[in-house]
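Undergrad: Take the position in the sequence shown, starting the count at 1, then add 13; the result is the number in this note's numbering.
Cβ atoms here follow ideal geometry from the backbone N, Cα and C, with glycine treated the same way.
Okay, here's the structure, questions in a sec.
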Amino acid sequence: MRRTTFAMATALLAAAACQPTENAMTTEPEPAAAAAGIAAKLARYAPTELTADLSGVPESERPVLAHLIAAGRLMDEIFLRQASVDNPAVREEIAAIGGDLKTYFGVNFGPWDRLDEMEPWYGDAPHPAGAGYYPADITKAEFEAWVSEHPEDQEAFESLHTVIRRDGDRLVAIPYSEEYREWLEPAAEHLRAAAAATANASLRRFLESRAAAFASDDYYASDMDWMDLDAPVEVTIGPYETYEDGLFAYKAAFEAFVTVDLPEQGAALARFKELLPWLERNLPIPEEHKNLDRGTDSPIRVVDEIFVGGDSKNGVQTLAFNLPNDERVREAKGSKKVLLHNVMRAKYDQILVPIAERVLASDQADAVAFDSYFAEVLHHELSHGLGPGNIVVDGRATEVRKELKELYGTLEEAKADVMGIYDILALIDRGDIPAAVRDTLEPTYVAGLFRAARFGVHEAHGQGVVSQFNYLLEKGALEIDEEGRFRANSETFPRAIESLLNEMLMLQARGDYAGTKDFLAKYGVASPELLRAIDRLSDVPVDIRPIFRQAEELEAGV
């Protein structure tokens, strides 16, 4: 995503005069003015201590967790700079003020508000679409012109693992291993120390190969090892999601999830991975667009979160994820689905239930259920591994991600929402999911639309949610009663979901950038009815703000 320049204190400005940067400075805000309203903004995140069930982790493996947490903290430092090259200096300036300003900077990984369309809450510099990955003043046209005139640079410029910088009148691509060496080298040391401390061979293999990848920028082998990871400690660390790159969605952000496996809960879901080939064949698109050759290993893990770092910590907290994103790994093995159980439970209790009470029609508000919520999250993640991935456009082999560029995240997240519901309905019809789930599925989904829309209607997931809302309202699958409350129409809902999924999948199958832009222009604008309903949620937290005391205790114990 985004970032730019900010005012520094007088000493910092003097230092900047000696060491010019790519970014222009702006006026330093008065501390009192900057602090005004921050307490209210911070209150949108409910402080929540996350505690993991460590009963399945032998005492001998606790040092492994401590090293992984330490490596995860270094992902914070890298992502801080990926979000904006100016962030370290701004952090120092805000730290001198302290209080809620310091806390809110940590929530947002910068002085732009992730719940308010990346508007500045400190200073007045606009947020650059290319975040810290590109020169702040670069445009799409300049980047594309450079690649067109220097085709030998295309692979490096479009790589997931390079940053783009100016070198005089040239643009150059710098590998992550060089740009972020200061933090990647000690992170690799922690991974190797964790590998030496664990008795689990699959975990040791992944940690050693991921440590090597930090120096080589080649993550394929370690992604393959991560797919085979089978240990009480489940760790995800490295550059993955591209949402922060608002120019092209080319650049991957560093993140870390340090979690522990909940094997009994994971085993109960294992049967769904066996259904992935059937789910792919059942998609409502022509056969030639179905991805029938993709790997189906696709392990499903249910875990408790101990610590997150980097991109996974900023703003809205992740409920679950589906990785890796490398289509080569997906073609060979599929992808792993990781569900963060303690995070899901916290969000359900503190956020989803109060939302349902305020926005759903009275006859559906009580129908919201955690089991349906959990099923929706699971099938959302499964859906990221279904549908078009590698495609052919105008005779050239390419990927959906590359063709849809900055629109990819918006459409992909919405597709996963809609496909998840479509698949659950199909599995109910098949008898693989109890029919009683249907009674709670649709109300839970509608309440979830409002939960996600509050993240920002122009944020990747938020705008995709608005598109779902407007499309389903247009098709009569959602209705508004005289009190302005919403209900799902069970008679029209399945047909509308199928129609919406078909439109989204065909945009992906064609690699249709212009069509995706038109679709979002038509359906991705928040309606007055949606905005009025969101206004009724002002006393409900938008998300949680995790507190990791357990992680601190684990680190202190080593």
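#1: For residue 534 and residue 423, what's the separation of their Cα atoms in angstroms?
#2: Using a Cβ-Cβ cutoff of less than 6 Å, which residues in the same chain neighbour residue 34 once the five nearest sequence positions on both sides are dropped?
#3: Please classify residue 120: does DSSP put it in a helix, a strand, or coil?
#4: Starting from residue 151 and walking both ways along the beta strand (DSSP E), at which residues does that stretch end?
#5: By how many angstroms is the C-alpha of residue 458 removed from the C-alpha of residue 25?
#6: Does residue 446 come out as helix, strand or coil in the three-state DSSP assignment?
#7: Report the option in 233, 478, 381 whose CA atom is closest to the CA atom of residue 344.
#8: Since residue 3 is in the alpha helix (DSSP H), which residue starts that stretch and which ends it?
#9: Please say whether residue 226 and residue 87 have beta carbons closer to each other than 8 Å?
#10: Please say whether residue 500 and residue 365 have beta carbons closer to each other than 8 Å?
#11: Measure the Cβ-Cβ separation of residue 188 and residue 230 and say whether it is below 8 Å.
#12: Cα-Cα, which of 561, 567, 453, 173 is closest to residue 64?
#13: By Cβ distance, which residues of its chain are closer than 8 Å to residue 555, with the 5 residues on each side in sequence left out?
#14: Does residue 2 come out as helix, strand or coil in the three-state DSSP assignment?
#15: Beta carbon of residue 107, beta carbon of residue 92: below 8 Å?
#16: Go ahead and pull the three-state DSSP assignment for residue 246.
#17: Express the C-alpha separation of residue 356 and residue 557 in angstroms, rounding to a whole number.
#18: Leaving aside the five residues before and after residue 568 along the sequence, list all residues of the same chain whose C-beta is less than 6 Å from its C-beta, in chain order.
#19: Let me check understanding here. Comparing Cα to Cα, which of 55, 235, 171, 485 lies closest to residue 116?
#20: Within this structure, are the beta carbons of residue 6 and residue 337 separated by less than 8 Å?
#21: How far does the alpha helix (DSSP H) with residue 335 in it extend, from its first residue to its last?
#22: Kindly indicate which residue of 432, 312, 254, 253 has the alpha-carbon position closest to the one of residue 280.
#23: When the distance is taken between beta carbons, is residue 314 closer than 8 Å to residue 274?
#24: With a threshold of 16 other CB atoms inside 10 Å of the CB of residue 389, please say whether the residue is buried or exposed.
TA: Checking against the coordinates, here is how it stands:
#1: 12 Å
#2: Here residue 34 scores only 40 on pLDDT, less than 50, and its place in the model should not be relied on; the value that follows carries that caveat. For residue 34, where only same-chain residues beyond five positions count, there are no Cβ hits under 6 Å.
#3: helix
#4: That residue, residue 151, is in no beta strand (DSSP E); it is neither H nor E in DSSP.
#5: Confidence at residue 25 is low in this model, with a pLDDT of 28, below 50, so its placement is unreliable and no value can be given for it.
#6: coil
#7: 233
#8: In the structure as shown, the chain starts at 14 and stops at 571, and residue 3 therefore has no counterpart that could be examined.
#9: no
#10: no
#11: yes
#12: 561
#13: 57, 58, 128, 329, 364, 467, 468
#14: Nothing about residue 2 can be read from this structure; the chain reaches only from 14 to 571.
#15: no
#16: strand
#17: 9 Å
#18: 79, 82
#19: 55
#20: Given that the chain is displayed from residue 14 to residue 571, the structure contains no residue 6 and the question cannot be resolved.
#21: Careful: residue 335 lies outside any alpha helix (DSSP H), inside the beta strand (DSSP E) at 333-336.
#22: 312
#23: yes
#24: buried
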